[in-house]
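Novice: In the working numbering, the protein residues as written are 112 to 491.
The beta-carbon is built from N, C-alpha and C at its ideal position, and this holds for glycine as well.
(1) Does the distance from the C-beta atom of residue 384 to that of residue 412 stay below 9 Å?
(2) By the three-class DSSP mapping on this structure, what secondary structure does residue 250 have?
(3) So what's residue 276 in DSSP terms, helix, strand or just coil?
(4) Threshold first: 3 residues or longer. Then list the beta strand (DSSP E) segments lying entirely within the segment 418-476, N to C.
(5) Considering only the alpha carbon of each residue, which of 474, 396, 287 lies closest to residue 418?
(6) Could you spell out where the beta strand (DSSP E) holding residue 202 opens and where it closes?
(7) When you compare each of 376, 147, 359, 345 to residue 367 by their alpha carbons, which one comes out closest?
(8) Determine the DSSP secondary structure at residue 306, reduced to helix, strand or coil.
(9) Starting from residue 370, trace the alpha helix (DSSP H) both ways and give me its first and last residue.
(10) Less than 8 Å between C-beta atoms, sequence neighbours within five positions excluded: which residues of the same chain meet that for residue 390?
(11) Could you tell me the boundaries of the beta strand (DSSP E) in which residue 327 lies?
(12) Please classify residue 165 as buried or exposed, where buried requires at least 16 neighbouring CB atoms within 10 angstroms.
(13) Would you give the residue range spanned by the beta strand (DSSP E) that residue 116 belongs to?
(14) Helix, strand or coil for residue 379 per DSSP?
(15) Have a look at residue 321 and residue 188 and give me their C-alpha separation to the nearest angstrom.
(16) Look up residue 268 in the DSSP assignment and say whether it is helix, strand or coil.
(17) Count the other C-beta atoms from every protein chain shown that fall within 10 angstroms of the C-beta of residue 154, then say buried if there are 16 or more, exposed otherwise.
(18) Residues bridged to residue 345 by DSSP?
(19) Shortest alpha-carbon distance to residue 305 belongs to which of 314, 157, 331, 293?
(20) In the DSSP output, which residue or residues are listed as bridge partners for residue 311?
(21) Below 8 Å on the Cβ atoms is my guess for residue 360 versus residue 325; work out the distance and round it to an integer in Å.
(22) Do residue 281 and residue 439 have their C-beta atoms within less than 9 Å of each other?
(23) Can you name the start and end residues of the beta strand (DSSP E) that residue 220 belongs to?
(24) Please state the DSSP three-state secondary structure of residue 243.
(25) State the DSSP-derived secondary structure class of residue 149, mapped to helix, strand or coil.
(26) Got a sec, what are the start and stop residues for the beta strand (DSSP E) residue 189 sits in?
(27) Taking the straight line between their C-alpha atoms, what separation do you get for residue 284 and residue 381?
(28) Tell me which residues share the same chain as residue 487 and place their Cβ nearer than 7 Å to its Cβ, disregarding the 5 neighbours each side in the sequence.
(29) Cβ of residue 195 within 9 Å of Cβ of residue 118?
(30) Mapping DSSP to helix, strand and coil, what is residue 487?
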């Protein structure tokens, strides 16, 4: 049987959720039926080392996205793929234009990973993306909430959109927990009997670390007889501002900004609680990863992702966005539970995480790709 050739296009295989998704699909897609080719711009990505060696990897000789259209078109024309798969609006635009300029029979599949829009300017931009998406054969939304937003903002027919959740490579996570170690300079954080809370994400407005820091200050008051610590994984433009807020709240000695970590899972595993304080999330990838690790979760109701991943609170506590008091109370309630109840929460969370296992999600992508080409059943 002739194998289906797919070009996967992304800016770089860097440290973000989109890159993790690409990596997990690439590594888990069935090689007996598919030939994957990864194309990026000329950058060194943090996740490149985890890419399986049998995957063809092409780097375009440009660091500018706008300059990538013609080089990508040349790669498409040379490789003659059946499908060009891309993610995130700007990259999708380049992938569609490059495919059109390649004058091949390849089909575009684009993925939308975020809950975008709101302002008139943003909505207009998304509407224009929607006009271009007419040249794509399929639009993938990573949650039902994102799908609804695409229909509303992009004005795309809902029948052209398919929901496929983010893949979480559970096997890889467990392996990295077993083989990884906490960095020497961070080991002291976990060596006393303090309750440790961890969060992970870019230090930007949408992640709302401001509310988390205020909630942590309130938590420390509630946990007066028990020492607590907050570990923040991630980098971003708000780091100094957040450090100043921690100082203002008189919690700076117990808040640790440790930057981006290639192996965040060992930090999740050592923590007593994972907290997400975002304003909005298309999916909430770190929530699924925390569940897979076996760490209890508290999250804001950052639509649409958190409510879908945690199924409206079945698999983790949900609190109103921006409400520091209720976030602190939810954290306190989890940290005060008996060990038996914590074990029940962990087991239930790991059961939910299996719904997002990379092998399962990769199969969903495989079936979708075949349907796009007319080579598979239209319904599972």
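Specialist: Based on what the coordinates show:
(1) Translated into positions along the chain shown, residue 384 becomes position 273. Translated into positions along the chain shown, residue 412 becomes position 301. Taking 9 Å as the Cβ cut-off, residue 384 and residue 412 do not qualify as a contacting pair.
(2) Numbered from 1 along the chain shown, position 139 holds the residue referred to as residue 250. Strand.
(3) Position 165 of the chain shown holds residue 276. Three-state result, residue 276: coil.
(4) Contiguous beta strand (DSSP E) elements confined to the segment 418-476 occur at 428-430, taking only those with 3 or more residues.
(5) To locate residue 418, count along the chain shown from 1; it is residue 307. Per the Cα distances, 396.
(6) On the chain shown, residue 202 is found 91 positions in, with the first residue counted as 1. For residue 202, there is no enclosing beta strand (DSSP E); the enclosing alpha helix (DSSP H) covers residues 200-213.
(7) One-based indexing of the chain shown puts residue 367 at position 256. The shortest C-alpha separation from residue 367 is found at 345.
(8) Here residue 306 is taken as the residue at index 195 of the chain shown, counted from 1. In this structure, DSSP gives residue 306 an extended state, which the three-state scheme calls strand.
(9) If you number the chain shown from 1, residue 370 lands on position 259. From DSSP, residue 370 is part of no alpha helix (DSSP H) but of the beta strand (DSSP E) over 366-370.
(10) As a working mapping, residue 390 is identified with position 279 in the chain shown. So the list reads 316, 317, 318, 319, 411, 413, 432, 433, once near-sequence residues are dropped.
(11) Along the chain shown, read from residue 1 onward, the residue named residue 327 stands at position 216. From DSSP, residue 327 is part of no beta strand (DSSP E) but of the alpha helix (DSSP H) over 320-333.
(12) Working through the chain shown from its first residue, we reach residue 165 at position 54. Exposed, because fewer than 16 other Cβ atoms sit within 10 Å of the Cβ of residue 165.
(13) Within the chain shown, numbered from 1, the residue matching residue 116 stands at position 5. Annotation: the continuous beta strand (DSSP E) that includes residue 116 extends over 115-120.
(14) By one-based count along the chain shown, residue 379 stands at place 268. Assignment of residue 379 by DSSP, reduced to helix, strand and coil, places it in the helix class.
(15) Within the chain shown, residue 321 is the residue found at index 210, counting from 1. Within the chain shown, residue 188 is the residue found at index 77, counting from 1. Straight-line Cα distance between these residues: approximately 48 Å.
(16) Sequence index remark: in the chain shown, residue 268 carries index 157 (1-based). It is coil, neither helix nor strand.
(17) Indexing the chain shown from 1 puts residue 154 at position 43. When all chains shown are included, residue 154 counts as exposed.
(18) Reading the chain shown from its first residue, position 234 is the one you call residue 345. 370, per the DSSP bridge assignment.
(19) Numbered from 1 along the chain shown, position 194 holds the residue referred to as residue 305. Measuring from the Cα of residue 305, the nearest candidate turns out to be 331.
(20) The residue labelled residue 311 in the question sits at position 200 within the chain shown. Under the DSSP definition of a beta bridge, residue 311 partners with 344.
(21) Residue 360 sits at position 249 when you count from the first residue of the chain shown. Residue 325 sits at position 214 when you count from the first residue of the chain shown. That pair is a contact at about 7 Å.
(22) Within the chain shown, the letter at position 170 stands for residue 281. Within the chain shown, the letter at position 328 stands for residue 439. For residue 281 and residue 439, no; Cβs fall outside 9 Å.
(23) The residue labelled residue 220 in the question sits at position 109 within the chain shown. 218-223 is the extent of the beta strand (DSSP E) around residue 220.
(24) By one-based count along the chain shown, residue 243 stands at place 132. Helix, per DSSP.
(25) Counting from one through the chain shown, the residue named residue 149 turns up at place 38. In this structure, residue 149 counts as strand in the three-state DSSP scheme.
(26) Mapped onto the chain shown, residue 189 falls at position 78. Counted as a single uninterrupted DSSP element, the stretch harbouring residue 189 is not any beta strand (DSSP E) but the alpha helix (DSSP H) occupying residues 180-190.
(27) Against the chain shown, residue 284 aligns to sequence position 173. Against the chain shown, residue 381 aligns to sequence position 270. Each residue's CA atom was taken as its position, placing residue 284 and residue 381 some 14 Å apart.
(28) Taking the chain shown and counting its residues from 1, the one referred to as residue 487 is at position 376. At residue 487, the pLDDT of 49 sits below 50, so the modelled position is not reliable and the matter cannot be decided from this model.
(29) Here residue 195 refers to the residue found at position 84 when the chain shown is read from its first residue. Here residue 118 refers to the residue found at position 7 when the chain shown is read from its first residue. Less than 9 Å separates the beta-carbon of residue 195 from that of residue 118.
(30) Against the chain shown, residue 487 aligns to sequence position 376. Bear in mind that a pLDDT of 49 at residue 487, under 50, signals an unreliable position, so the number given afterwards is only what the model happens to contain. Coil at residue 487, not helix or strand.
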